[in-house]
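> I'd like to ask you about the structure that follows.
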Amino acid sequence: MLKGKVIVIGVCGGIAAYKSADLVSRLKKLNAEVHVIMTRSACEFVNPLTFQSLSQNYVISDMFQEPRSWEIEHISLAQKADLFVIAPATANIIGKVANGIADDMLSTTIMATKSPVVFAPAMNCNMYENVIVQQNIERLKALNYIFVEPQIGRLACGDIGKGKLAEADDIVEMIVQTVGYQKDLKNMKLLVTAGPTREPIDPVRFITNYSSGKMGYAIARAAKYRGADVILVTGPTALKPIEGIQMVKVNTALEMYDAVMQHYESTSVIIKAAAVSDYRPLQVSQNKIKKEHSDLEIKVTKNPDILADLGKKVKNQVLIGFSMETQHLEEYAREKLIRKNLDLIVANDLSEPGAGFAVDTNIVKMIDRNGNVENISIMTKDQLAHIILDKALAIYHQKLC
Ligand code: C5P
Numbered sequence: 040m041l042k043g044k045v046i047v048i049g050v051c052g053g054i055a056a057y058k059s060a061d062l063v064s065r066l067k068k069l070n071a072e073v074h075v076i077m078t079r080s081a082c083e084f085v086n087p088l089t090f091q092s093l094s095q096n097y098v099i100s101d102m103f104q105e106p107r108s109w110e111i112e113h114i115s116l117a118q119k120a121d122l123f124v125i126a127p128a129t130a131n132i133i134g135k136v137a138n139g140i141a142d143d144m145l146s147t148t149i150m151a152t153k154s155p156v157v158f159a160p161a162m163n164c165n166m167y168e169n170v171i172v173q174q175n176i177e178r179l180k181a182l183n184y185i186f187v188e189p190q191i192g193r194l195a196c197g198d199i200g201k202g203k204l205a206e207a208d209d210i211v212e213m214i215v216q217t218v219g220y221q222k223d224l225k226n227m228k229l230l231v232t233a234g235p236t237r238e239p240i241d242p243v244r245f246i247t248n249y250s251s252g253k254m255g256y257a258i259a260r261a262a263k264y265r266g267a268d269v270i271l272v273t274g275p276t277a278l279k280p281i282e283g284i285q286m287v288k289v290n291t292a293l294e295m296y297d298a299v300m301q302h303y304e305s306t307s308v309i310i311k312a313a314a315v316s317d318y319r320p321l322q323v324s325q326n327k328i329k330k331e332h333s334d335l336e337i338k339v340t341k342n343p344d345i346l347a348d349l350g351k352k353v354k355n356q357v358l359i360g361f362s363m364e365t366q367h368l369e370e371y372a373r374e375k376l377i378r379k380n381l382d383l384i385v386a387n388d389l390s391e392p393g394a395g396f397a398v399d400t401n402i403v404k405m406i407d408r409n410g411n412v413e414n415i416s417i418m419t420k421d422q423l424a425h426i427i428l429d430k431a432l433a434i435y436h437q438k439l440c
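Using this note's numbering, you'd call the opening residue of the sequence shown number 40 and step up by one each time.
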């Protein structure tokens with residue numbers, strides 16, 4: 040994901056400095072070339088040897104130390120970097136950069152770079168809320184510096200408030216989003232649906248299915264990374280909301296229908312990964328149904344097929360559906376592709392280990408309008424999301440021609 044990318048991590052002097060060791064290790068696992076610059080006070084909290092061992096690169100801290108090559112260190116790193124991450128970013132470094140001060144190795148190198156700079160602040164909550172710090176942050180944001188917000192929690196000083204360094208996951212996500220992918224979906228709007236629907240029986244019970252929403256969320260996240268404007272219409276899931284996209288939360292198939300119909304017209308690609316309930320109880324009991332009888336019949340009625348209705352309405356949009364089967368996978372998928380007027384159908388066989396609901400992987404067949412079948416062997420849903428988006432983009436360009 041970050042193969043060949045040069046990431047420079049600036050570590051400042053705060054108690055959270057030790058957490059950056061984990062960040063370096065995660066970035067190395069994603070195949071980035073990592074260089075660490077430490078401020079003098081950071082070296083009081085963590086020995087540079089820790090970062091040197093993890094990054095497998097010499098750690099720079101002193102501007103006047105003997106250079107190891109003829110290159111001017113801060114200029115060469117500033118030019119080489121694809122991205123700078125300042126974690127933890129203290130009030131001091133934020134203040135310096137916001138006000139043009141370059142008086143040590145880290146601030147000088149940030150000043151000399153043209154690459155994106157991400158700040159992950161960590162400090163006492165009163166410091167963070169200080170108007171001067173907030174004004175400096177606003178100033179930097181206006182200049183396109185990127186921020187990963189600190190969390191609210193118990194701080195090292197014992198205070199409870201906003202100032203804890205963001206989770207490594209969130210910092211990595213920002214890095215990946217900024218430099219990990221080509222922005223080939225820039226200026227495109229995508230509508231993605233995900234998760235199951237819930238069809239109420241009474242105030243405490245509902246009909247649903249095992250969908251986790253992982254596939255749809257993976258597509259929405261991948262599209263966001265590639266620069267798309269994403270609307271995610273999601274049924275109830277246990278997944279973390281995706282920052283930076285429009286999330287529309289729904290419960291029932293009818294609510295999903297309304298949300299999709301409200302938004303689809305402004306989009307150019309629609310990917311329906313949701314496992315919509317085909318039926319809903321005909322009548323929803325106002326009160327909890329009591330267990331009075333040994334048998335109970337619940338009459339159900341068919342939900343509208345959102346995808347089939349979209350198939351009748353779309354003009355130039357790319358329309359992609361999913362098909363989950365336990366038998367006759369290809370035959371059923373082809374039939375749906377035609378009946379629902381789709382450009383592509385992604386079919387997976389629920390009986391195959393590693394495919395379908397809840398798991399992090401999938402095994403699919405992608406069938407297009409011309410009858411071409413692509414067999415995609417087992418891979419993570421994140422990887423598959425990119426393959427589906429590649430295909431969507433290719434179809435989109437074909438339609439434009
Ligand atoms: O017909 P089937 O439910 O197998 O088709 C699956 C595809 O149709 C998925 O893309 C799903 O999101 C969509 N679908 C829908 N509305 C329904 C049922 C399925 O949009 N009521």
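Here a beta-carbon is modelled for each residue, glycine too, at the ideal position from N, C-alpha and C.
Which term fits S307, buried or exposed, when burial requires 16 or more other beta carbons within 10 angstroms of its beta carbon?
For this step, residue 307 is matched to residue 268 along the sequence shown. Burial call: buried.
> Between the alpha carbons of M166 and D198, how many angstroms are there, rounded?
Reading the sequence shown from its first residue, position 127 is the one you call residue 166. Reading the sequence shown from its first residue, position 159 is the one you call residue 198. Rounded to whole angstroms, M166 to D198 spans 11 Å at the Cα level.
> Shorter than 7 Å, the distance from the beta carbon of K42 to the closest heavy atom of the ligand C5P, or not?
For the purposes of this step, residue 42 is taken as residue 3 along the sequence shown, with counting starting at 1. Incorrect: K42 has no Cβ contact closer than 7 Å to the ligand C5P.
> Please state whether DSSP places L383 in a helix, a strand or coil.
Mapped onto the sequence shown, residue 383 falls at position 344. DSSP places L383 in strand when its eight states are reduced to three.
> When the Cβ atoms of the segment 94-101 are set against those of the segment 184-194, are three or more pairs found closer than 8 Å?
No, because fewer than three Cβ pairs between the segment 94-101 and the segment 184-194 fall closer than 8 Å, the two stretches do not touch.
> What does a CB cutoff of less than 6 Å around E206 pick up in its chain, not counting 5 residues either side in sequence?
Looking up residue 206 in the sequence shown gives position 167. Around E206: no qualifying Cβ.
> Considering only the beta carbon of each residue, do F186 and S154 sit closer than 8 Å?
Along the sequence shown, one-based indexing puts residue 186 at 147. Along the sequence shown, one-based indexing puts residue 154 at 115. No. Outside cutoff.
> Tell me the rounded alpha-carbon separation between A137 and I426.
Numbered from 1 along the sequence shown, position 98 holds the residue referred to as residue 137. Numbered from 1 along the sequence shown, position 387 holds the residue referred to as residue 426. Cα to Cα, the separation comes out at about 41 Å.
> Between N175 and D407, what straight-line distance do the alpha-carbon atoms span, to the nearest angstrom?
Counting from one through the sequence shown, the residue named residue 175 turns up at place 136. Counting from one through the sequence shown, the residue named residue 407 turns up at place 368. Distance between the alpha carbons of N175 and D407 is about 52 Å.
> To the nearest angstrom, how far is it from the Cα of D209 to the Cα of I281?
Taking the first residue of the sequence shown as 1, we reach residue 209 at position 170. Taking the first residue of the sequence shown as 1, we reach residue 281 at position 242. Near 11 Å, if we compare the C-alpha coordinates of I281 and D209.
> If distances are taken between C-alpha atoms only, which option among N169, L229, P235 comes closest to I284?
For the purposes of this step, residue 284 is identified with residue 245 of the sequence shown, where counting begins at 1. Closest by alpha carbon: L229.
> Between the segment 324-341 and the segment 352-363, are three or more C-beta pairs nearer than 8 Å?
Not touching, per the Cβ criterion.
> Can you name the start and end residues of the alpha helix (DSSP H) that D421 belongs to?
The count along the sequence shown starts at 1 and reaches residue 421 at position 382. From DSSP, the alpha helix (DSSP H) with D421 extends over 420-439.
> Mark Y296 as exposed unless 16 or more other C-beta atoms lie within 10 angstroms of its C-beta, in which case mark it buried.
By one-based count along the sequence shown, residue 296 stands at place 257. Y296 comes out buried.
> Assuming E83 and G52 make a contact with CB atoms under 8 Å, what is their CB distance in whole Å?
Position 44 of the sequence shown holds residue 83. Position 13 of the sequence shown holds residue 52. Correct: roughly 6 Å between the Cβ atoms.
> If you pair each beta-carbon of the segment 313-320 with each one of the segment 226-246, do three or more pairs fall below 8 Å?
The segment 313-320, when compared against the segment 226-246, does touch it at the 8 Å Cβ threshold.
> Taking the Cβ atom as the reference point for each residue, do A161 and A55 lie within a distance shorter than 8 Å?
If you number the sequence shown from 1, residue 161 lands on position 122. If you number the sequence shown from 1, residue 55 lands on position 16. A contact, by the Cβ cut-off of 8 Å.
> With distances taken Cα to Cα, identify the nearest neighbour of V75 among S94, N387, R65, L69.
Counting from one through the sequence shown, the residue named residue 75 turns up at place 36. For the residues S94, N387, R65, L69, the minimum Cα distance to V75 belongs to S94.
> Please state whether the Cβ-Cβ distance between K222 and R178 is less than 8 Å.
Within the sequence shown, the letter at position 183 stands for residue 222. Within the sequence shown, the letter at position 139 stands for residue 178. Against a cut-off of 8 Å, the Cβ pair of R178 and K222 comes out as no contact.
> Is I114 buried or exposed, if buried means 16 or more other CB atoms sit within 10 Å of its CB?
Counting from one through the sequence shown, the residue named residue 114 turns up at place 75. When all chains shown are included, I114 counts as exposed.
> Among V172, A292, K279, which one has its Cα closest to the Cα of E238?
Here residue 238 is taken as the residue at index 199 of the sequence shown, counted from 1. Cα-wise, what sits closest to E238 is A292.
> Compute the Euclidean distance between the alpha carbons of D382 and V47, then round it to the nearest angstrom.
Within the sequence shown, residue 382 is the residue found at index 343, counting from 1. Within the sequence shown, residue 47 is the residue found at index 8, counting from 1. Each residue's alpha carbon lies about 43 Å from the other.
> Taking 8 Å as the CB-CB cut-off, is D382 touching chain D?
In the structure shown, chain D cannot be found, because there is only a single protein chain.
> Based on DSSP bridge pairs, tell me the residues matched to H1.
Nothing can be reported for residue 1: it is not among the residues displayed for the chain, which extend from 40 to 440.
> Please classify I171: is it buried, with 16 or more other beta-carbons within 10 angstroms of its beta-carbon, or exposed?
Locating residue 171 in the sequence shown gives position 132, where the first residue counts as 1. With fewer than 16 Cβ atoms within 10 Å of its Cβ, I171 is classed as exposed.
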